[in-house]
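Going by this note's numbering, the residue at position 449 of the sequence shown is 521; the numbering climbs one at a time, nothing skipped. Built from N, CA and C at the ideal position, the CB exists for glycine as well. Because the structure is a prediction, the values reported are computed rather than measured. Remarks on the structure that follows.
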Amino acid sequence: MLLPIIMAGGTGSRLWPLSRELMPKQFLTLCGQSTMLQATLERLQGLDAVQPLVICNEDHRFIAAEQLRQINQLQHNIILEPVGRNTAPAIALAALSAQRKGQDPLLLVLAADHVIQDVPAFHQAIATATELAKANKLVTFGIVPTAPETGYGYIRRGTKTTDSTEEHTLSTTAFTVAEFVEKPSKTIAEQYLASGEYYWNSGMFLFKASVYLAKLQHYRPDILAACEQAIDSPEPDLDFIRVNKAAFAACPADSIDYAVMEKTQDAVVVPLDAGWSDVGAWSSLWDISSKDAQNNVLHGDVFQHNSSHNYVYSETGIVTTVGLHNTVIIQTKDAILVAAKDQVQDVKHIVQQLKNSGRTEHHIHREVYRPWGKYDSIDNGHRYQVKRITVKPGEKLSIQMHHHRAEHWIVVHGTAKVTINEQEQLLTENQSVYIPIGAVHSLENPGKIPLELIEVQSGAYLGEDDIVRFSDRYGRN
73 MLLPIIMAGG TGSRLWPLSR ELMPKQFLTL CGQSTMLQAT LERLQGLDAV
123 QPLVICNEDH RFIAAEQLRQ INQLQHNIIL EPVGRNTAPA IALAALSAQR
173 KGQDPLLLVL AADHVIQDVP AFHQAIATAT ELAKANKLVT FGIVPTAPET
223 GYGYIRRGTK TTDSTEEHTL STTAFTVAEF VEKPSKTIAE QYLASGEYYW
273 NSGMFLFKAS VYLAKLQHYR PDILAACEQA IDSPEPDLDF IRVNKAAFAA
323 CPADSIDYAV MEKTQDAVVV PLDAGWSDVG AWSSLWDISS KDAQNNVLHG
373 DVFQHNSSHN YVYSETGIVT TVGLHNTVII QTKDAILVAA KDQVQDVKHI
423 VQQLKNSGRT EHHIHREVYR PWGKYDSIDN GHRYQVKRIT VKPGEKLSIQ
473 MHHHRAEHWI VVHGTAKVTI NEQEQLLTEN QSVYIPIGAV HSLENPGKIP
523 LELIEVQSGA YLGEDDIVRF SDRYGRN
């Protein structure tokens with residue numbers, strides 16, 4: 073049995089301002105029509121695999137659930153990490169979860185933020201890795217390098233473990249792992265590329281759940297013990313599997329590379345040449361995207377003149393360029409990034425400056441997704457804030473009250489069921505209602521179309537933490 077494990081963690085710093093801490097890149101639509109998480113699941117079609125398990129941070133649970141629901145992949149299959157502890161513990165949770173169901177599947181560990189353009193080659197590599205994993209090997213997928221990249225770790229191959237015939241392609245050959253090496257300098261990376269013996273470390277793996285847990289018991293029993301304690305009494309919650317927070321928080325943080333793969337003698341590498349990218353920077357997106365005659369990649373409402381080799385993304389409004397070359401421009405509702413394309417790796421320094429200055433633009437977008445829909449903070453000033461709220465059909469916000477603010481709701485589309493101090497009323501387009509400070513209230517969309525309304529908040533304090541929840545169908549009270 074092949075069980076895909078999708079690692080959907082991330083901090084949202086490398087593709088800022090489009091990605092944020094609460095909306096990292098795996099939840100963004102960057103290539104094609106699907107988000108990166110959805111694309112990761114969709115490329116599994118055609119494999120003899122069971123329902124994937126997705127592992128994500130608790131802060132991202134409703135985004136992940138909604139994106140799985142959109143592609144009919146949501147079946148109580150999201151494991152929530154209460155805190156980040158890197159990949160070794162996360163994979164252990166998945167392996168232990170499978171074992172507690174009496175299973176010992178082959179775990180196909182994938183990241184949710186990779187691009188793979190040649191899906192048949194990807195599937196062929198998995199087929200090769202499957203046979204090795206059945207023989208108790210721990211397989212990693214090594215990306216056939218196309219450039220002397222300094223931003224990736226590398227894997228040096230050893231002896232060949234499978235026969236190669238004229239019918240076999242490179243991706244159907246496997247090698248023992250001679251060593252894992254850290255990110256090299258440019259000179260060393262060029263030597264790696266010339267030798268033909270090195271692959272980029274993709275962070276994708278395939279092995280039996282039992283084999284991984286046995287290796288973890290041998291090399292990092294402290295991690296295994298903490299994960300066993302965390303998963304012993306999982307708490308079902310809607311579409312999520314919650315583990316014991318205190319036990320998992322006490323788990324040491326470590327990557328699977330350091331904890332197991334670099335120590336075991338049973339590691340093998342299957343080369344993968346399938347148009348892979350981890351989209352680690354805006355320049356990576358330029359590399360893999362379709363370009364116009366001037367080698368520009370343009371998204372949204374963009375006009376250019378005498379400009380070339382640019383990546384320009386417009387979320388709202390018009391973005392124009394004149395005489396601009398080798399530049400990245402990213403425009404969102406609340407931030408604009410302009411950067412030299414060869415320096416976009418340093419975007420993380422801007423993100424750090426935002427953190428240090430107490431700003432919120434590194435953390436959250438102006439438009440925020442909730443399990444019931446979303447809201448967009450369209451204006452704010454002294455003692456007031458204006459939001460555009462969208463509630464999905466059949467969904468309901470929590471029964472709540474505020475100590476410091478009053479609210480005025482104006483319906484612009486759909487029908488709202490409003491309850492104020494146990495008094496219910498229905499509002500339709502152009503109707504409004506006032507919710508005074510301290511009133512217990514709720515908002516529901518009883519209709520079949522999205523409900524859209526304008527909310528005007530007024531008061532001495534307008535923070536999102538001024539919410540007292542009395543009842544919430546999403547478990548947030």
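### Task
Taking all protein chains shown into account, decide if tyrosine 456 is buried (16 or more other Cβ within 10 angstroms of its Cβ) or exposed.
exposed
### Task
Just grab the DSSP bridge partners of asparagine 129 for me.
Glu153
### Message
Once DSSP output is grouped into helix, strand and coil, what is the label at tyrosine 291?
### Response
helix
### Message
Need the endpoints of the beta strand (DSSP E) that serine 386 sits in, please.
### Response
383 to 386
### Task
Could you pull out every residue in the same chain whose Cβ sits closer than 8 Å to the Cβ of isoleucine 360, ignoring the five residues on either side in sequence?
Cys103, Val187, Gln189, Gly347, Ser349, Val351
### Task
Please determine if the region 485 to 503 and the region 515 to 529 are in contact, where contact requires at least 3 C-beta pairs separated by less than 8 Å.
yes
### Task
Could you work out which residue in Leu210, Glu387, Ala111 is closest to asparagine 144 when comparing CA atoms only?
Ala111
### Task
Could you tell me which residues DSSP pairs with histidine 371 in its beta bridges?
Tyr385
### C-beta atoms of serine 379 and leucine 357 nearer than 8 Å
no
### Query
Rounded C-beta distance between alanine 160 and alanine 331? I'm assuming under 8 Å.
4 Å
### Query
Candidates Ser267, Cys323, Gln376: which alpha carbon is nearest leucine 296's?
Cys323
### Query
Does the Cβ-Cβ distance between valine 394 and histidine 377 come in under 8 Å?
yes
#### Entry: Extent of the continuous alpha helix (DSSP H) run through isoleucine 422
419 to 428
### Task
Take alanine 511 as the anchor and find which of Ala532, Asn517, Met473 has the nearest alpha-carbon.
Met473
#### Entry: Between the CA atoms of alanine 488 and leucine 515 - distance to the nearest angstrom
7 Å
### Task
Just confirm the distance between the C-beta atoms of glutamate 538 and arginine 477, as a whole number of angstroms; I'd bet it's less than 8 Å.
According to the sequence provided, residue 538 is aspartate. The question's glutamate does not apply to it. Yes, aspartate 538 and arginine 477 are in contact; Cβ-Cβ is about 6 Å, under 8 Å.
### Query
For the beta strand (DSSP E) that contains methionine 79, what are its first and last residues?
74 to 79
### Message
With the cut-off set at 8 Å, would you say isoleucine 227 and tyrosine 291 are in Cβ contact?
### Response
no
### Query
Can you name, in chain order, every residue of its own chain whose Cβ lies under 6 Å from the Cβ of isoleucine 127, other than the five neighbours on each side?
Met79, Ile151, Ala162
### Task
Indicate whether isoleucine 77 and phenylalanine 99 have their beta-carbon atoms separated by less than 8 Å.
no
### Query
Quick one: what does DSSP say serine 355 is sitting in, helix, strand or coil?
helix
### Query
Any idea what DSSP makes of serine 267, helix, strand or coil?
helix
### Message
I need the straight-line Cα distance from proline 177 to leucine 119, nearest angstrom please.
### Response
14 Å
### Query
Just the Cα atoms here: how many angstroms apart are asparagine 398 and alanine 412?
6 Å
#### Entry: Helix, strand or coil at serine 530 [DSSP, three-state]
strand
### Query
aspartate 418 to glutamate 300, Cα distance in whole Å?
39 Å
### Query
Do glycine 156 and glycine 81 have their CB atoms nearer than 8 Å?
yes
### Message
Please classify isoleucine 328 as buried or exposed, where buried requires at least 16 neighbouring CB atoms within 10 angstroms.
### Response
buried
#### Entry: Unbroken stretches of the alpha helix (DSSP H), 4 residues or longer, contained in the region 144 to 196
159 to 171
### Task
Assign lysine 49 to one of two classes, buried (16 or more other C-beta atoms within 10 Å of its C-beta) or exposed (fewer than that).
As shown, the chain starts at 73 and ends at 549. That puts residue 49 outside it, with no answer to give.
### Limits of the beta strand (DSSP E) - the one that methionine 473 falls within
471 to 473
### Message
Between which residues of its own chain and serine 504 is the CB-CB distance below 8 Å, once the five residues before and five after are set aside?
### Response
His480, Trp481, Ile482, Val483
### Buried versus exposed call for arginine 141 [16 or more other C-beta atoms within 10 Å across all chains shown]
exposed
#### Entry: Sequence-distant residues of the same chain with beta carbon closer than 8 Å to threonine 107, five excluded per side
Gln98, Phe99, Leu100, Thr101, Gln139
### Task
In the DSSP assignment, find the unbroken alpha helix (DSSP H) run with leucine 515 in it and report its ends.
Taken as a continuous stretch (DSSP letters only), leucine 515 belongs to no alpha helix (DSSP H), being part of the beta strand (DSSP E) at 513 to 516.
### Task
From the DSSP output, in three-state form, read off tyrosine 224 for me.
coil
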